[in-house]
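Undergrad:
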Amino acid sequence: DYLKVKGKMYSLSVVVPDLGLNPTDVLSRKDVATSLHIPPGHPFTHTSTSAQPAPMLTDLVGLLQSALRPPKTAECFVQTEDDGPGEDVDAKLCRLEVSHRLALGDVREVDRVGVEERMIRFQRECENRYREELSAEVSRIRQLEMSQVRLEENKRCREEMNQYKAQLDSLHKERVERLRVK
């Protein structure tokens, strides 16, 4: 279509075979609209009735441009008067909201105090648990040390007894020898 509109009637007969296409492979406007999911009632799907219709490529580019343009919007402002029956309701709602926020603040303060008390209680529990574990560890260490001291004392006493026994044995031998000699 584009080549026909631009007056290149015979260019299509050269381009189509060079691309390896058949004249039947060139898609119609409806086929292109179907493949691009353009709804059937859209103006793109209707061919122009003028003597020289716009090329399909030009219509596609125009369609793409219109889709990418931001939508037209308008801004308007309205000013109202504050005097009236609605003002009383608004004032009441504002007062109610303020009182609710104040009450909520008191509840949060109570919650904060409750949290502090729980933290102090938890800290005390942790300290008590630590003291218990520490005293259990100290008693375990004392028992180990006491058994170690007992073993060392037992060994020392045994060595001392062995020395006394050796002294007594030597003293006994001397006396037995003296008695034999007499």
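Numbering-wise, my numbering puts 24 at position 24 of the sequence shown, and it's gapless, one number per residue.
Backbone N, C-alpha and C define an ideal beta-carbon position, used for all residues, glycine too.
1) Is it the case that the region 52-70 contacts the region 92-105, given that we only count it when at least three CB pairs across the two stretches are under 8 Å?
2) Out of curiosity, what's the CA-to-CA distance linking Glu-152 and Glu-159?
3) Just reading off the alpha helix (DSSP H) that Ala-33 is part of, what are its end residues?
4) Kindly indicate which three-state DSSP category Phe-122 falls into: helix, strand or coil?
5) Could you give the first and the last residue of the continuous alpha helix (DSSP H) run that contains Thr-58?
6) With a cut-off of 8 Å on the beta carbons, I'd call Ala-54 and His-42 a contact; round off their distance for me.
7) Identify, in the order they occur along the chain, each residue of the same chain with its Cβ nearer than 8 Å to the Cβ of Arg-140, setting aside the five sequence neighbours on each side.
8) CA-CA distance, Lys-173 and Ala-166?
9) Roughly how many angstroms lie between the CA atoms of Glu-116 and Gln-143, to the nearest whole one?
TA: With the given structure in hand:
1) Too few Cβ pairs lie closer than 8 Å, so no.
2) 11 Å
3) Segment 29-35, the alpha helix (DSSP H) holding Ala-33.
4) helix
5) 56-68
6) That belief does not hold up - the Cβ atoms of Ala-54 and His-42 are roughly 15 Å apart, past 8 Å.
7) none
8) Lys-173 and Ala-166: Cα-Cα distance of roughly 10 Å.
9) Straight through space, the alpha carbons of Gln-143 and Glu-116 are spaced by roughly 40 Å.
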